[in-house]
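If you read the sequences in order, they're chains A and B.
4 is the number of the first residue of the first sequence in the numbering used here; add one for each residue after it.
4 is the number of the first residue of the second sequence in the numbering used here; add one for each residue after it.
Cβ coordinates follow ideal geometry from the N, Cα and C atoms, glycine included.
Keep in mind it's a predicted model, so treat the numbers as computed, not measured.
Please read the structure below before turning to the comments.
Protein chains: 2
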Amino acid sequence: MTGAIRPIHARGGHHLVQQRRNYPHVARRLEDLAIPVFRNRGEEIHGSDCSDVYWYRVLSGSARCYVVLPGGRRQILDLLLPDDFFGFTGDEGHFYGIDAVVDNTNVACYPREALQTLADSDSAVAHEISAMVLGAMSRSQQLILILGRTTAREKVGAFLVKIMQRVVNDDAGRLVLPTSRYDIADYLALSVETVSRALTDLTHRGLISLAGPRRVRILNRCGLDEQLTSDSDRQGD
Amino acid sequence: MTGAIRPIHARGGHHLVQQRRNYPHVARRLEDLAIPVFRNRGEEIHGSDCSDVYWYRVLSGSARCYVVLPGGRRQILDLLLPDDFFGFTGDEGHFYGIDAVVDNTNVACYPREALQTLADSDSAVAHEISAMVLGAMSRSQQLILILGRTTAREKVGAFLVKIMQRVVNDDAGRLVLPTSRYDIADYLALSVETVSRALTDLTHRGLISLAGPRRVRILNRCGLDEQLTSDSDRQGD
DNA sequence: CGAGCCGTTGAGTTCATTCAAACAGGGTGG
DNA sequence: CCACCCTGTTTGAATGAACTCAACGGCTCG
Numbered sequence: 004m005t006g007a008i009r010p011i012h013a014r015g016g017h018h019l020v021q022q023r024r025n026y027p028h029v030a031r032r033l034e035d036l037a038i039p040v041f042r043n044r045g046e047e048i049h050g051s052d053c054s055d056v057y058w059y060r061v062l063s064g065s066a067r068c069y070v071v072l073p074g075g076r077r078q079i080l081d082l083l084l085p086d087d088f089f090g091f092t093g094d095e096g097h098f099y100g101i102d103a104v105v106d107n108t109n110v111a112c113y114p115r116e117a118l119q120t121l122a123d124s125d126s127a128v129a130h131e132i133s134a135m136v137l138g139a140m141s142r143s144q145q146l147i148l149i150l151g152r153t154t155a156r157e158k159v160g161a162f163l164v165k166i167m168q169r170v171v172n173d174d175a176g177r178l179v180l181p182t183s184r185y186d187i188a189d190y191l192a193l194s195v196e197t198v199s200r201a202l203t204d205l206t207h208r209g210l211i212s213l214a215g216p217r218r219v220r221i222l223n224r225c226g227l228d229e230q231l232t233s234d235s236d237r238q239g240d
Numbered sequence: 004m005t006g007a008i009r010p011i012h013a014r015g016g017h018h019l020v021q022q023r024r025n026y027p028h029v030a031r032r033l034e035d036l037a038i039p040v041f042r043n044r045g046e047e048i049h050g051s052d053c054s055d056v057y058w059y060r061v062l063s064g065s066a067r068c069y070v071v072l073p074g075g076r077r078q079i080l081d082l083l084l085p086d087d088f089f090g091f092t093g094d095e096g097h098f099y100g101i102d103a104v105v106d107n108t109n110v111a112c113y114p115r116e117a118l119q120t121l122a123d124s125d126s127a128v129a130h131e132i133s134a135m136v137l138g139a140m141s142r143s144q145q146l147i148l149i150l151g152r153t154t155a156r157e158k159v160g161a162f163l164v165k166i167m168q169r170v171v172n173d174d175a176g177r178l179v180l181p182t183s184r185y186d187i188a189d190y191l192a193l194s195v196e197t198v199s200r201a202l203t204d205l206t207h208r209g210l211i212s213l214a215g216p217r218r219v220r221i222l223n224r225c226g227l228d229e230q231l232t233s234d235s236d237r238q239g240d
């Protein structure tokens with residue numbers, strides 16, 4: 004499954020690190036450690052077997068980190084856009100992996116040991132890493148807040164707002180979703196049908212408008228965000 | 004609200020840090036930075052105003068980190084037991100805070116700047132911090148997995164299994180919950196009634212037994228964990 | 001003893017899910 | 001070019017689950 008990149012690792016990974024450790028005056032940078040991986044939509048970037056060996060960072064495209072629960076359901080733990088950093092933290096008993104979400108996704112895989120070694124010797128790198136880990140932590144907390152929402156409409160609305168903050172979008176609130184309905188469903192712990200219904204519902208309420216399944220326009224961001232408080236929808240409709 | 008600890012901070016916080024920075028030969032340890040806070044059940048440890056200034060670590064007792072959503076619902080982001088580390092990551096627009104869950108809870112508050120400075124000069128401390136951040140990340144991911152479960156029974160079951168792994172419990176699977184039903188509800192994004200019903204349901208199924216509201220005994224851990232797959236409950240009941 | 005909090009149980013409603021079907025778009029091959 | 005398939009999306013109907021509102025029992029503390 005993931006064998007394609009392991010030779011690269013064996014060739015340029017730990018060995019190179021050990022070699023260079025003896026020359027601290029050589030400015031080693033994060034990118035020197037990166038094992039580049041290119042994948043098309045749906046292809047596995049890394050699988051369950053070596054998930055605690057690497058850290059991952061999306062360079063272009065987007066990826067999803069997920070866990071397959073014993074029941075067969077897939078829970079997406081994180082949606083990775085360019086510059087996002089991610090690593091699994093040893094949840095045992097599940098199959099977990101990282102897939103590309105769009106074609107030509109480029110992910111950098113950093114061997115953890117080597118990254119640690121580099122961080123020890125270069126505090127600028129250490130700062131960069133901790134900033135990225137903090138970013139991952141932030142996305143994690145925000146997903147908890149979304150999953151903690153009560154209704155599907157609120158979850159989808161909050162998802163759209165969060166995504167809008169992360170992807171390129173014009174001032175008019177137009178954005179292109181990187182994900183399919185199935186990915187949204189597995190991210191929000193909903194069924195596909197419910198996601199679809201929530202989107203049409205939001206459209207009918209005038210909060211968003213859809214131009215094709217992926218092209219969303221946020222018409223009323225505050226309305227999306229504070230749908231929680233909305234008992235106003237009963238009055239307004 | 005949180006004014007009680009600010010004088011301590013002003014007295015021994017950044018000032019002390021700046022002073023000692025000039026003596027790198029002095030072995031500065033994490034505990035030197037800690038602002039100790041003692042709180043009883045329900046008392047606030049830190050509130051919304053200074054949540055991005057500190058990192059927190061529970062030394063004894065337990066605490067809850069939560070966010071109050073616009074609608075008034077409280078989502079608990081993390082349940083902190085001794086040695087657990089936590090920090091908010093800048094979710095704007097919400098009120099968030101940390102409360103003690105049991106009496107005599109002792110929490111160490113570390114000023115972030117000073118912690119960073121210390122980590123830069125002492126790689127052992129940096130390792131310790133990154134290990135603790137990783138622990139927080141792990142709990143975060145596990146909560147996502149719990150929230151991603153479909154039924155309330157699964158959520159509560161998974162919660163019990165996770166808690167069992169973290170609190171002291173004898174070999175017979177007996178443990179004492181640190182939390183009330185309300186806290187469990189806000190942690191799992193369920194209503195209190197649903198939590199209560201799920202617990203009695205699990206009892207009827209023979210997976211747990213209750214000796215008082217807080218005293219739980221896990222009778223069948225695998226059954227709790229893999230309730231996901233269980234269509235067996237229809238046959239068995 | 002009363003007040004207040006916590007926990008449980010019941011009844012009715014709301015909401016998400018499942019199962020099912022239909023539709024749209026992109027690709028391939030005839 | 002059209003037929004066809006496949007994937008992704010949407011909508012409908014019926015079931016099932018969690019929520020709200022409500023009431024009650026237990027417990028602690030003043």
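Around the beta carbon of residue 217(B), fewer than 16 other beta carbons sit within 10 angstroms, so the residue counts as exposed.
Under the three-state reduction of DSSP, residue 97(B) is assigned to coil, being neither helix nor strand.
The region 134-146 of chain B and the region 137-147 of chain A touch, with no fewer than 3 CB-CB distances between them shorter than 8 Å. For residue 123(A), the closest Cβ of chain B is nearer than 8 Å.
In the DSSP assignment, residue 111(A) falls within the beta strand (DSSP E) that extends over 108-114. Counting of Cβ neighbours within 10 angstroms places residue 157(A) among the buried residues, the total reaching 16 or more. Under DSSP, residue 81(B) forms a beta bridge with 68(B). With respect to residue 66(A), residue 125(A) sits apart: the two C-beta atoms are not nearer than 8 Å. When the beta-carbon positions are compared, residue 151(A) and residue 192(B) come within less than 8 Å of each other. In the structure shown, residue 171(B) adopts coil according to DSSP, grouped into three states.
Between residue 111(B) and residue 62(B), the CB-CB gap stays under 8 Å.
For residue 47(A), no alpha helix (DSSP H) segment is defined; the enclosing uninterrupted segment is the beta strand (DSSP E) at 47-49. In this structure, residue 89(B) lies away from residue 69(B), with their beta-carbon atoms at least 8 Å apart. With respect to chain A, the C-beta atom of residue 226(B) has no partner C-beta closer than 8 Å.
Legend: CB atoms of the region 185-203 of chain B lying less than 7 Å from CB atoms of chain A belong to residues 192.
For residue 107(A) against residue 43(A), the beta-carbon gap comes to about 7 Å, under 8 Å, which counts as contact. Bounds of the beta strand (DSSP E) holding residue 63(B) are 57-63.
Under DSSP, residue 89(B) forms a beta bridge with 59(B). For residue 76(A), there is no enclosing alpha helix (DSSP H), since its DSSP letter is neither H nor E. Between the C-alpha atoms of residue 190(B) and residue 182(B) there is a straight-line separation of about 10 Å. In the DSSP secondary-structure assignment, residue 39(B) is bridged to 111(B).
Sixteen is the threshold: since fewer than 16 other Cβ atoms of the shown chains lie within 10 Å of the Cβ of residue 168(B), the residue is exposed.
Using a Cβ-Cβ cut-off of 8 Å, residue 48(B) is close to nothing in chain A; its nearest Cβ partner there is about 18 Å away. Residue contact check for residue 95(A) against chain B: no CB pair falls below 8 Å.
Nearest CB-CB separation between residue 85(A) and chain B: not below the 8 Å threshold. For residue 177(A), the uninterrupted beta strand (DSSP E) segment begins and ends at 177-179. Ranked by Cα distance from residue 174(B), the options 92(B), 200(B), 220(B), 180(B) are led by 220(B). Contacts between residue 135(A) and chain B, judged by CB atoms closer than 8 Å, are missing: the closest CB pair is about 11 Å apart.
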